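First the structure, in the form of C-alpha cells, and then the observations on it.
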C-alpha cells in the first residue's frame with residue numbers, strides 16, 4: 001500500500017470559515033486507487049474539509065497546503081481544480097431556478113457520456129433533465145442527481161458528502177451501486193454518518209475527525225462498528241481525542 | 249373634437265402618476281416624410297435594426313407587416329396568402345375608412361391621463377390598426393415596427409388592435425432606432441379589444457437607444473372567453489421608461505397574462521408594471537416579471553391585481569436580480585380585493601446571485617463567468633413565457649447578448 005503514490009495530500013491545513021477555525025492543522029493522505037471514509041460527530045469539520053479541498057472562497061486558509069495528483073492546488077479556483085480531475089457530490093446542493101439539469105449535464109459530459117445509460121444507472125427519469133436544477137427534488141432525487149452529475153464529470157478523484165443520508169433503502173442501493181461501480185480504478189473520499197453506504201462501497205481506510213483534525217485512522221468496518229456501538233461520546237474519552245481538544 | 253382638444257391642452261402640463269417627469273418641449277417634431285415602399289426594399293441599416301426588435305423586413309414567417317418611420321407609415325399590408333384573414337392599416341386611414349372605429353378610439357386609455365396621452369392626442373403620428381377578422385386563425389405572427397430615424401425626435405403613435413370574435417393571432421411589435429440616433433421620446437398608445445372567444449398574443453420588443461425616453465400607454469378589454477397574452481421584452485438600456493398597461497377582464501372566463509423581461513443598465517430609470525382588473529365571472533390573470541439591474545440602473549417593478557368578481561383569481565410573480573451594488577430594484581406588488589371570493593396572490597423576490605450557486609456550478613467545472621451567465625439566463629428563463637415560437641430563439645439571443653454585455 002505504501003508503494004502507491006498519493007492522489008490527495010493535505011498537509012497541516014488550518015482553515016477559517018466566517019471567522020471560525022474549522023480545520024486545525026489537518027493532515028490526510030489518500031493513495032491513488034483507494035477510497036477513504038471520513039467519520040466524525042456533527043461540527044467536527046468534515047464538510048469544511050470538503051469545501052476546503054474544493055477551494056470555496058469562504059474557506060480562508062491560514063496555513064498548510066493541498067496537493068492533488070502532484071500539483072499544489074492550495075490557491076487554485078474551484079473550476080481549475082475540477083479540470084485537474086476533482087469531483088464532488090454535495091450533501092445539500094442549492095437549487096437554481098431556470099437552469100436545467102440537462103444543460104449542466106451537457107456542459108460537463110462534453111458529448112462523451114451516454115446520457116441514457118447514465119440516467120438508467122442513477123435512476124434519473126429522462127424528463128428530469130428538463131427540470132430546474134435541484135428545485136423541488138426529493139431527498140433521494142437530490143442524491144441521485146448529484147451522483148448522475150458526478151458520473152458525467154468522470155473525475156479521477158471524487159468527494160462524496162453524505163450520499164446516504166436522508167435516503168430510503170431502494171435509493172441507497174441505487175446510489176451505492178453507482179458509486180461502487182464508478183470508484184473502480186478511481187479514488188475517493190466519502191463522508192458518511194451511519195456507514196450505510198459501505199454496504200455497497202468498498203472502502204480502504206476510515207478516518208475519524210474531531211475538532212478539525214484527524215483523530216484516528218484504521219479499518220473501516222472496525223471503526224464504524226465501534227462508533228455504532230459506543231457513539232462519539234465514547235471517542236471523546238480517548239486520550240488521542242483529548243490531546244486534540246487541548247491542541248485546537 | 250374642439251371640446252376634447254381644450255381639455256387636452258391642460259393635460260399637456262400634467263406629469264404622469266409614475267416615473268420621472270420630462271420636459272416634453274425639449275424634443276423635436278421635425279421629420280421629413282418617408283415615401284411608401286415595399287417592406288422588403290427598406291435600407292439595410294433599418295432592416296438590421298428592425299430585426300433586432302423581432303421585425304423581419306423579409307417577412308419570412310410573418311403574415312403581414314406595418315412599418316412606420318418617424319411619422320410616416322411606409323408600409324402596411326397582409327401577405328397575399330393571408331389576405332382576408334386580417335386587416336392592417338395606419339390608424340389615420342382606419343379612422344377615415346371606418347366610422348365605427350371612433351367607438352374604439354380613446355375608449356380604454358384616457359386622453360387626458362397625463363402629458364404623454366395628451367401629446368399623442370394633440371400631435372398624433374399614425375400608428376397601426378390591426379383587425380383580425382371573425383373566426384380567422386392566423387398561424388404566423390403579424391408584425392409592426394415603430395422606427396425613429398431622427399435625432400431627438402418625438403414620435404407619438406396610437407395603435408388600435410381588434411381581435412374579432414373567435415379569431416386567433418399573434419402580433420409582434422418591435423421598436424427600434426437608426427444606429428446613429430441616441431436620444432428621443434416615444435409615446436405609444438395601444439388599445440386592444442379582444443372579443444368573445446378570441447385569442448391574441450402580443451409581444452412588444454423595445455430596442456431603443458441609450459438616451460431615449462419611452463412612455464407606452466396600453467389598455468386591453470377582454471370579452472367572454474377571450475385570452476390576451478402580453479409579452480414585453482426590453483433588454484437594451486434607455487434613459488427612462490414608464491409604463492403600466494392594464495387589462496380589463498370584463499367577460500366571463502376571460503384570461504390575461506402579462507410577461508415582462510427587463511434589463512436596465514447604465515443610468516436607466518425603468519418604472520414598469522402590469523395591471524389586471526378581474527370583472528368577469530371566472531376571469532383569471534397572471535403577471536410574471538423578471539428584472540435585471542446592472543451598473544446604476546434603478547428599476548421599479550410594479551403589479552396590481554384588482555378582484556371585482558366573486559369568482560376570479562390572479563397571481564403576480566416578480567423577481568429581480570441585482571448585478572451591481574449601485575443598482576436598485578424596487579418591487580411593488582399590490583393586491584386589491586373588492587369582493588369576497590376573489591383570490592389574489594403575489595410573490596416577489598429581489599436579490600443578488602447566490603454565491604453558493606456559483607460555487608456549485610464551478611465545482612461542476614463551469615468557470616465563474618460561465619456560471620454567472622448560466623444563472624442569469626436561468627433567472628430569466630425565456631422558455632417559461634408564452635412567447636410565439638417564431639420569436640423564442642431570437643429573444644433567447646437578445647437575452648444572451650444582453651447578459652454578455654452586462655458581465
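Protein chains in written order, with the numbering used here: chain G, 1 to 248; chain P, 249 to 655. Glycine included, every Cβ here is placed at the ideal spot set by N, Cα and C. As the structure is a prediction and not an experimental result, all values here were calculated from the model.
Residue 513 of chain P counts as buried, since no fewer than 16 other beta carbons sit within 10 angstroms of its beta carbon.
Contact with chain G is found for residue 614 of chain P, since one of that chain's Cβ atoms lies less than 8 angstroms from the residue's Cβ.
Secondary structure remark: continuous alpha helix (DSSP H) runs of at least 4 residues inside the region 205-236 of chain G, in chain order: 220-236.
Pairing residue 584 of chain P with residue 552 of chain P gives a Cβ-Cβ distance under 8 angstroms. The beta-bridge partner set that DSSP reports for residue 595 of chain P consists of P:565.
For residue 193 of chain G, the three-state secondary structure derived from DSSP is coil. Buried is the label assigned to residue 59 of chain G, since at least 16 other Cβ atoms lie within 10 Å of its Cβ.
Using a 10 angstroms sphere on the CB of residue 296 of chain P, the tally of other CB atoms stays under 16, which defines it as exposed. Look at residue 381 of chain P here: in three-state DSSP terms it is coil, with no helix or strand label.
Counted as a single uninterrupted DSSP element, the beta strand (DSSP E) harbouring residue 506 of chain P occupies residues 503-512. Contact note: residue 655 of chain P does not reach chain G at a C-beta cutoff of 8 angstroms; the least C-beta distance is about 16 angstroms. At a C-beta separation below 7 angstroms, residue 611 of chain P has these neighbours in chain G: 54, 78, 82 and 88.
Between the region 67-77 of chain G and the region 91-110 of chain G, the count of Cβ pairs shorter than 8 angstroms is below three; the stretches do not touch. For residue 152 of chain G, the enclosing alpha helix (DSSP H) stretches over residues 139-153. Rounded to whole angstroms, the gap between the alpha carbons of residue 152 of chain G and residue 62 of chain G is 34 angstroms. Only 149 and 153 from the region 132-163 of chain G bring a Cβ to less than 7 angstroms from some Cβ of chain P. Per DSSP, residue 239 of chain G lies in no beta strand (DSSP E) segment; the continuous alpha helix (DSSP H) that holds it begins and ends at 239-247. As the crow flies, the alpha-carbon of residue 561 of chain P is around 37 angstroms from that of residue 619 of chain P. When 7 angstroms is used as the limit between beta carbons, residue 627 of chain P is near these residues of chain G: 97 and 98, in chain order. Taking 9 angstroms as the Cβ-Cβ cut-off, the region 182-207 of chain G has no residue approaching chain P. Residue 370 of chain P carries a helical assignment under DSSP once its states are collapsed to helix, strand and coil. Among the CB atoms of chain G, none fall inside 8 angstroms of the CB of residue 537 of chain P. One alpha carbon belongs to residue 149 of chain G, the other to residue 213 of chain G, and they sit about 30 angstroms apart. Residues 512, 541, 542, 543, 544, 545, 546 and 547 of the same chain have their beta carbon placed closer than 8 angstroms to that of residue 575 of chain P, with the five preceding and five following residues left out of the count. Residue 534 of chain P and residue 112 of chain G have their C-alpha atoms roughly 42 angstroms apart. Within the region 107-123 of chain G, those residues whose Cβ lies closer than 8 angstroms to any Cβ of chain P are, in chain order, 107 and 108. The beta-carbon of residue 15 of chain G is placed no less than 8 angstroms from the nearest beta-carbon of chain P. For the region 26-70 of chain G, the continuous beta strand (DSSP E) assignments of 3+ residues that do not extend past its boundaries occur at 35-39 and 59-68, in sequence order. Scanning chain G for C-beta atoms nearer than 8 angstroms to the C-beta of residue 602 of chain P yields 94, reported in chain order. Proximity to residue 316 of chain P across P:554, P:372 and P:517 peaks at P:372, based on C-alpha coordinates.
In this structure residue 391 of chain P does not touch residue 340 of chain P by the C-beta definition: roughly 20 angstroms separates them, more than the 8 angstroms allowed. According to DSSP, residue 620 of chain P shares a beta bridge with no other residue.
Neighbours of residue 623 of chain P in chain G, taken as residues whose beta carbon is under 7 angstroms from its own, are 96 and 99 in chain order. Ranked by Cα distance from residue 324 of chain P, the options P:359, P:467, P:549 and P:283 are led by P:283. Using a C-beta cut-off of 8 angstroms, the region 487-497 of chain P makes contact with the region 458-476 of chain P, since at least three inter-stretch Cβ pairs fall below that distance.
Contact check for residue 528 of chain P against residue 497 of chain P passes: the beta carbons are separated by less than 8 angstroms.
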